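Report on the following structure.
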Amino acid sequence: MNRKINNCTTQKMTDLKTTNEVDPLRRMVEWQSEQAELSPMDPPDAYSPPSMDAVAYEDMHPFLQQLVDEHKAAIKELDAFEQALLRIQNTGLDRAADGQLRDFFHFFDNNIVKHNQREEATLFPLLHQRLIENGEHGKGPDALTAVNILEDDHTKALQLAAVVFNFFGLAMRLPDANSRLVVLDAAIEQGKTLVELLKLHIFREDHIAFAQAHRLLTRAEFEGMEIRVLSL
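FYI, the numbering for the sequence shown is 106 to 337, going by this note's numbering.
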């Protein structure tokens, strides 16, 4: 799992400070930064984006509907992983919790990573291009768009997953009880951060990026993406 994550991780560092106010994701990030710090497991205000034209699931192209469906499956796995983290925090790392962790990282490798790769290979390039053409980009020389933020989320998720996976593995091998508890606590906290990052990322895509794609891309372009996915 660690090898796969490390192979997938790329250097996509973006300067979010240069993103234009017209970018709805940027406005949401700025708004969040002004709020009081919240628990990573309970950030309700993070899910209040700027007012946008919502797109009903029924009105989306099947390509976007498939991505939304995969997000719903991911949320269920994230909820189960979150419960496992709370269980470990309260009762320690036992065989049942270890099985839950293995299930989550298997899902991360085989579903979340591949889902993100499909988005980056099909939807993101054309959406990024259309956002630039429509003037919905940053003022800096690199013309950053909402897509850059989402790609950065993908990279951060890969990095965090590798950290959490390795911390839990290390905690199981440490013979010293105190050292094991320190590493286990770090694994739990980083795991909580991973859960919140992915949940917020999914919310951003479902409610902002996919609405942009629905508005800016054509049916023929979505159909081309469906064909492209078959070759990945």
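We put the beta carbon where it would ideally sit given N, CA and C, even for glycine. Since this is a predicted model, take the numbers as computed values, not measurements.
Close beta carbons around residue i, own chain, < 8 Å, minus the five adjacent residues each side
i, result
"I307", "H176, A179 and I180"
"H319", "V160, D164, M165, H166 and L169"
"R324", "H166"
"A216", "Correcting the residue type first, residue 216 is Asn in the shown sequence and not Ala. Answer for N216: E175, A178, A179 and E182, listed in chain order."
"D158", "A316 and R320"
Min CB distance residue i to chain C below 8 Å
i, result
"A189", "Among the chains of the structure shown, chain C does not appear; only one protein chain is present."
Enclosing alpha helix (DSSP H) for residue i [first to last residue]
i, result
"M330", "R324 to L335"
"A161", "Element bounds for A161: n/a, residue is neither H nor E."
"N239", "N239 -> no alpha helix (DSSP H), and no H or E assigned at all."
"H220", "V218 to R223"
"A316", "F315 to L321"
Neighbourhood of residue i by C-beta distance below 7 Å, restricted to the same chain and skipping five residues each side
i, result
"T250", "D128, H233, L236, I237, E241 and H242"
"T227", "M330, R333 and V334"
"F273", "L206 and A292"
"L231", "L322 and E326"
"A141", "Bear in mind that the predicted position of A141 carries a pLDDT of just 37, short of 50, making it too unreliable to give a figure here."
Spatial neighbours of residue i in its chain, beta-carbon cut-off 6 Å, leaving aside the 5 residues before and after
i, result
"N221", "H259"
"F212", "E182"
"A202", "A189, R192 and I193"
"V288", "F272, L275 and A276"
"R285", "A276 and L279"
"E328", "none"
Local conformation of residue i per DSSP, three classes
i, result
"T119", "Note that T119 scores a pLDDT of 37, beneath 50, so its modelled location is shaky; the value from the coordinates is reported in the next line. Of the three classes helix, strand and coil, the one that applies to T119 here is coil, per DSSP."
"K244", "coil"
"D184", "helix"
"P280", "coil"
"G197", "coil"
"T298", "helix"
"T227", "helix"
"L249", "coil"
Supposed close pair residue i, residue j - CB separation, criterion 8 Å
i, j, result
"G296", "V269", "5 Å"
"D311", "V173", "6 Å"
"K262", "L299", "One detail in the question is off: residue 262 reads as Ala in this sequence, not Lys. With a Cβ gap of about 7 Å, A262 and L299 count as contacting."
"L190", "F229", "Not really, about 30 Å apart at Cβ, beyond 8 Å."
"R223", "L303", "Their Cβ separation, rounded to whole angstroms, is 16 Å, which puts R223 and L303 out of contact at 8 Å."
Three-pair Cβ contact test at 8 Å for the segment 278-295 versus the segment 191-205 | yes
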